[in-house]
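Quick notes on the structure that follows.
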Amino acid sequence: MVSVMLMIWFERKVISDMQSRIGPNRAGPFGIAQTLADGIKLFFKEDLLPDQADRFVFKLAPYLTIIPAFLAFAIVPIGGEVTVAGHTFELQLADPPMGILFLLAMSSIGVYGIMLAGWSSGSKYPLLGSVRASAQMISYEAALGMTVVTVVLISGSLSTRSIVNAQAGHLWQWNAIRLAVVPFVIFFIAVVAETNRPPFDLVEADSELVGGFVTEYSSIRFALFFLAEFMNTITMSAITVTLFFGGPDGPVPHVAHLEWLWPILWFLGKTIAFLFVFVWLRAALPRLRYDQLMDLGWKKLIPLSLGWLLIVAGFVVDGWWGLGMAAAVIAAAVVITRSLSIGAEREETRAIVPAVGVRLWTRPSGTATSLAASSPSATPPSAMSPSDATAAGSERPVSPSTEGGGS
Numbered sequence: 018m019v020s021v022m023l024m025i026w027f028e029r030k031v032i033s034d035m036q037s038r039i040g041p042n043r044a045g046p047f048g049i050a051q052t053l054a055d056g057i058k059l060f061f062k063e064d065l066l067p068d069q070a071d072r073f074v075f076k077l078a079p080y081l082t083i084i085p086a087f088l089a090f091a092i093v094p095i096g097g098e099v100t101v102a103g104h105t106f107e108l109q110l111a112d113p114p115m116g117i118l119f120l121l122a123m124s125s126i127g128v129y130g131i132m133l134a135g136w137s138s139g140s141k142y143p144l145l146g147s148v149r150a151s152a153q154m155i156s157y158e159a160a161l162g163m164t165v166v167t168v169v170l171i172s173g174s175l176s177t178r179s180i181v182n183a184q185a186g187h188l189w190q191w192n193a194i195r196l197a198v199v200p201f202v203i204f205f206i207a208v209v210a211e212t213n214r215p216p217f218d219l220v221e222a223d224s225e226l227v228g229g230f231v232t233e234y235s236s237i238r239f240a241l242f243f244l245a246e247f248m249n250t251i252t253m254s255a256i257t258v259t260l261f262f263g264g265p266d267g268p269v270p271h272v273a274h275l276e277w278l279w280p281i282l283w284f285l286g287k288t289i290a291f292l293f294v295f296v297w298l299r300a301a302l303p304r305l306r307y308d309q310l311m312d313l314g315w316k317k318l319i320p321l322s323l324g325w326l327l328i329v330a331g332f333v334v335d336g337w338w339g340l341g342m343a344a345a346v347i348a349a350a351v352v353i354t355r356s357l358s359i360g361a362e363r364e365e366t367r368a369i370v371p372a373v374g375v376r377l378w379t380r381p382s383g384t385a386t387s388l389a390a391s392s393p394s395a396t397p398p399s400a401m402s403p404s405d406a407t408a409a410g411s412e413r414p415v416s417p418s419t420e421g422g423g424s
């Protein structure tokens, strides 16, 4: 909870600096207690329930969203081994052998909370926002899952601690480098979309959906959705560090003194760096259109992540020979897909939209004349009906430059 409060303050301060504003500066030193003040304010506000809402589901939805966000952080190793009073333990709440599957399950359960929040509100704007959020998260879940599988293949384990240990040693052991950066880029784009952060925040587009799936929520229930969003951002930043950047392991050997502290500092530094990238994207990039969002997920990220997964699987199974076979299969698939798309493009026809009004064209002598003046018996434009004007405007002579089929 403290990390979420600090994250909200951090985002406000960074955004205000990027926009040449002061930002929060009243509650506490440097405004650090502003998030706490806002939470107290929301806690004492009236909790309103819409008349058309399903009361039980409406109250349940915020908890289905925030609980998975906190549970997913349990599998993240935030440091190395620590010895206290003769007992040695690792700075990780849980290290299940199927930790990656637990992570994917928690990220999927969060979709149910968002969908139920929109459906139970009894209003059209929350419902549209929840449908859009569900479609967005499901679309990018596939690309995210396939990039995680590439990490599992190269590390040989589903345990997050084992994945971190496989990257220990040097900088070039990090999975982001061993997998040639591409899976990391796909994973991070999918993570930004999964957390509904800009530029993928179409779920909360004010000009289209008012407040999205939280439009009808108020008081502490609204605050729970707010906390869930920022906790998801922190969790996914920590997961990115764990899977691709060595987790708490640094790029250089630890100093002899305070060996238990250095892994924690490395982990915090990497995580804060990715949190800054999240904030930077919000300040720098405009919101995408919905069709651009879907095209990026289904037409680019999923095929690219699937192809990279085949390449990594071929290399893990049969070395360079398997890598070559996987690359050949992918190249053949790309050629076939491209040839089919070219054939489909040739069958497309352009629609001609008639324009209402008088058209002008140039006679061979170079003088411009109107459609009405070209024929003595033509009806004046002012006496034409709209349908006649449309027909007259569309029946214009074809210039010599377009007789050959040009545009």
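Count the sequence shown with my numbering and you get residues 18 to 424, in order. Glycine included, each C-beta is placed from N, C-alpha and C at the ideal position.
Beta-carbon gap between residue i and residue j smaller than 9 Å
{"i": "L310", "j": "F217", "result": "yes"}
{"i": "M123", "j": "L175", "result": "no"}
{"i": "T259", "j": "F204", "result": "no"}
{"i": "G139", "j": "Q69", "result": "yes"}
{"i": "W277", "j": "E98", "result": "yes"}
{"i": "Y234", "j": "P41", "result": "no"}
{"i": "P200", "j": "F261", "result": "yes"}
{"i": "G264", "j": "P67", "result": "no"}
{"i": "Y157", "j": "A86", "result": "no"}
{"i": "I180", "j": "V168", "result": "yes"}
Of the listed residues the options, nearest to residue i (C-alpha basis)
{"i": "A134", "options": "D71, N182 and L188", "result": "D71"}
{"i": "F239", "options": "D68, N42, P143 and I347", "result": "P143"}
{"i": "I251", "options": "I289, F230 and L226", "result": "I289"}
{"i": "K30", "options": "V19, S20, Q51 and M18", "result": "Q51"}
{"i": "M24", "options": "R304, F262 and E246", "result": "E246"}
{"i": "M22", "options": "F75, L244, W191 and A330", "result": "L244"}
{"i": "G229", "options": "A102, L145, L285 and I84", "result": "L145"}
{"i": "L108", "options": "F119, G96 and I49", "result": "G96"}
Whole-angstrom distance between residue j and residue i, CA atom to CA atom
{"i": "I39", "j": "E28", "result": "13 Å"}
{"i": "A183", "j": "A344", "result": "26 Å"}
{"i": "T82", "j": "I57", "result": "21 Å"}
{"i": "F90", "j": "D266", "result": "18 Å"}
{"i": "R178", "j": "I171", "result": "14 Å"}
{"i": "D34", "j": "A350", "result": "48 Å"}
{"i": "Q153", "j": "L121", "result": "16 Å"}
{"i": "L318", "j": "D64", "result": "41 Å"}
{"i": "V231", "j": "N249", "result": "17 Å"}
{"i": "S387", "j": "K141", "result": "The pLDDT assigned to S387 is 45, lower than 50, so where the model puts this residue is not dependable, and the model offers no usable value."}
{"i": "A193", "j": "I131", "result": "31 Å"}
{"i": "S394", "j": "D312", "result": "Reliability of the predicted coordinates at S394 is poor, the pLDDT of 48 falling under 50, and no value is obtained from them."}
{"i": "I237", "j": "K62", "result": "8 Å"}
{"i": "V227", "j": "S147", "result": "12 Å"}
{"i": "T100", "j": "W26", "result": "33 Å"}
{"i": "I347", "j": "G331", "result": "11 Å"}
{"i": "T105", "j": "W283", "result": "21 Å"}
{"i": "S151", "j": "I32", "result": "28 Å"}
{"i": "V296", "j": "W191", "result": "25 Å"}
Status (buried if at least 16 other CB within 10 Å, exposed otherwise) for residue i
{"i": "P280", "result": "buried"}
{"i": "R214", "result": "buried"}
{"i": "R306", "result": "exposed"}
{"i": "M46", "result": "The sequence shown places Pro at residue 46, not Met. P46 is exposed by the Cβ-count criterion."}
{"i": "G422", "result": "Its pLDDT being 45, under 50, G422 is placed unreliably in this model, and the value from its coordinates should be taken loosely. Answer is exposed; the Cβ neighbour count stays below 16."}
{"i": "R149", "result": "buried"}
{"i": "V128", "result": "buried"}
{"i": "L292", "result": "buried"}
{"i": "T212", "result": "buried"}
{"i": "S220", "result": "Sequence check: residue 220 is Val here, not Ser. Buried is the call here."}
**Message:** Does the region 183 to 190 come into contact with the region 248 to 257, if we say contact requires no fewer than three beta-carbon pairs (one atom in each stretch) closer than 8 Å?
**Reply:** With the cut-off at 8 Å, the region 183 to 190 and the region 248 to 257 do not touch.
**Prompt:** For the 8 Å Cβ check, are there 3 or more pairs between the region 322 to 331 and the region 158 to 169?
**Reply:** Touching, yes, given that three or more Cβ pairs across the two stretches are closer than 8 Å.
**Item:** Touch test, the region 113 to 122 against the region 299 to 319, Cβ-Cβ under 8 Å, three pairs minimum
**Value:** Contact between the region 113 to 122 and the region 299 to 319 is absent, because fewer than three Cβ pairs lie under 8 Å.
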